[in-house]
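Colleague:
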Amino acid sequence: MSKGMKVLPRSFYERDTSEVARALLGKILVHRGHGGITNGKIVETEAYYGEGDPASRASRGKTKMNEIMWGPGGRAFVYVVHGNCLFNVTAEREGVPGAVLVRALEPLEGIELMQKRRGTKLEKELTSGPGKLTKAMAITRAHHGLDLTNSHSELVIVEGEPQDFVIGSSHRIGVSADLERKLRFYMDGNPFVSR
DNA sequence: CATATGATGGACT
DNA sequence: GTCCATCATATGG
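Under the numbering used here, the first residue of the first sequence is numbered 1, with each subsequent residue one higher.
1. Figure out for me which residue from I157, L101, E112 has the closest Cα to the Cα of E44.
2. Are the CB atoms of A104 and T90 nearer to each other than 8 Å?
3. For a test of the three-state rule: what should DSSP assign to P107, helix, strand or coil?
4. Pull up the distance between the alpha-carbon of M187 and that of I68, whole angstroms please.
5. Applying the criterion that 16 or more other CB atoms from any shown protein chain within 10 Å of the CB defines a buried residue, is H31 buried or exposed?
6. Output the distance between the C-alpha atoms of E125 and K132, rounded to the nearest integer angstrom.
7. Around the C-beta of D53, are 16 or more other C-beta atoms found within 10 angstroms, so that it is buried, or is it exposed?
8. Does the stretch 116–124 come within contact of the stretch 161–173, defined as at least 3 CB pairs closer than 8 Å?
9. If we require 4 or more residues per run, which alpha helix (DSSP H) segments fall completely within the stretch 13–89?
10. If you follow the alpha helix (DSSP H) that G168 is in, where does it begin and where does it stop?
11. Keeping to the same chain, check which residues put their C-beta closer than 7 Å to that of R117; ignore five residues upstream and five downstream.
12. Could you check where the alpha helix (DSSP H) with L133 kicks off and where it finishes?
13. Quick one: using the 10 Å Cβ neighbour count with 16 as the cut-off for buried, is T149 buried or exposed?
14. Please work out which residues of its chain come closer than 8 Å, Cβ to Cβ, to H82, disregarding the five sequence neighbours upstream and downstream, and give them in chain order.
15. Pull the bridge partners of F185 from the DSSP assignment, please.
16. Since A99 sits in a beta bridge, which residues does DSSP pair it with?
17. For A177, does the count of other Cβ atoms within 10 angstroms reach 16, so buried, or fall short, so exposed?
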């Protein structure tokens, strides 16, 4: 990781979940593990709220697995669906549930390592989906609860290079409830956006 | 304990 | 496009 890369502060995350989801586009997710460094630019996200959001894990109250959504912003929220780990970042202030699902990255560093972890050489297939990117970045449930605003964390999100892009939006993918609200956000035209 | 259900991915027609 | 392997949770008996 080059110097001067600023880890996003708590204040970045402690605001409206959709704002956080949009603001995360273009930021860099960095994993510094034993195998080496991998990182990628966030190009697709989805916002999930609490009660009143039928598609959200938090819509029916706290459980052991989702209670982190009520905690402070800027923490890793990782859980398994269909055998795949999904990586979210908590949003909103403590006491207000919210999380942003990171659905796709554009690989930047550690591409060989990602290829090895994913079992494919095809760059477009490395991180173009929520389950794909966790495998490429070696994100597991062990990272659940990690503070992403601590620069010493194994997993952090840092400021990216300034870049102009258009934000596209659509209904959220893979949910059956609430196909009305456009809470999925992506960099329009980026080839690593899923589907 | 049994079974249903996904914020999915990969293989296949 | 369709089908299904996958596995942690949630829920019901």
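Ideal Cβ positions, reconstructed from N, Cα and C, are used throughout, including at glycine.
Since the model is a prediction, treat every value here as computed from it, not as a measurement.
Modeller: Looking at the coordinates:
1. Numbered from 1 along the first sequence, position 44 holds the residue referred to as residue 44. Out of I157, L101, E112, L101 has the C-alpha closest to the C-alpha of E44.
2. For the purposes of this step, residue 104 is identified with residue 104 of the first sequence, where counting begins at 1. For the purposes of this step, residue 90 is identified with residue 90 of the first sequence, where counting begins at 1. Cβ atoms of A104 and T90: not closer than 8 Å.
3. Here residue 107 is taken as the residue at index 107 of the first sequence, counted from 1. Residue state, collapsed to three classes: strand.
4. The residue labelled residue 187 in the question sits at position 187 within the first sequence. The residue labelled residue 68 in the question sits at position 68 within the first sequence. One C-alpha to the other measures close to 28 Å.
5. Translated into positions along the first sequence, residue 31 becomes position 31. Classification of H31: buried, given that the 10 Å Cβ count is 16 or more.
6. One-based indexing of the first sequence puts residue 125 at position 125. One-based indexing of the first sequence puts residue 132 at position 132. About 8 Å.
7. Taking the first residue of the first sequence as position 1, residue 53 is located at position 53. Looking at its Cβ environment, which holds 16 or more other Cβ atoms inside 10 Å, D53 is buried.
8. no
9. 17–23
10. Here residue 168 refers to the residue found at position 168 of the first sequence. Where G168 is concerned, there is no enclosing alpha helix (DSSP H), although the beta strand (DSSP E) it sits in stretches over 167–170.
11. For the purposes of this step, residue 117 is taken as residue 117 along the first sequence, with counting starting at 1. Excluding positions up to five away in sequence, the list reads K135, A136, A138.
12. For this step, residue 133 is matched to residue 133 along the first sequence. That run of the alpha helix (DSSP H) goes 130–136.
13. Residue 149 sits at position 149 when you count from the first residue of the first sequence. Buried.
14. Looking up residue 82 in the first sequence gives position 82. Hits under 8 Å: G131.
15. As a first step, residue 185 is located in the first sequence; it is residue number 185 there, counting from the start. Partner(s): T45, S169.
16. The residue you call residue 99 lines up with position 99 of the first sequence. Paired residues: Y48, T90.
17. Position 177 of the first sequence, counting from 1, holds the residue named residue 177. A177 comes out exposed.
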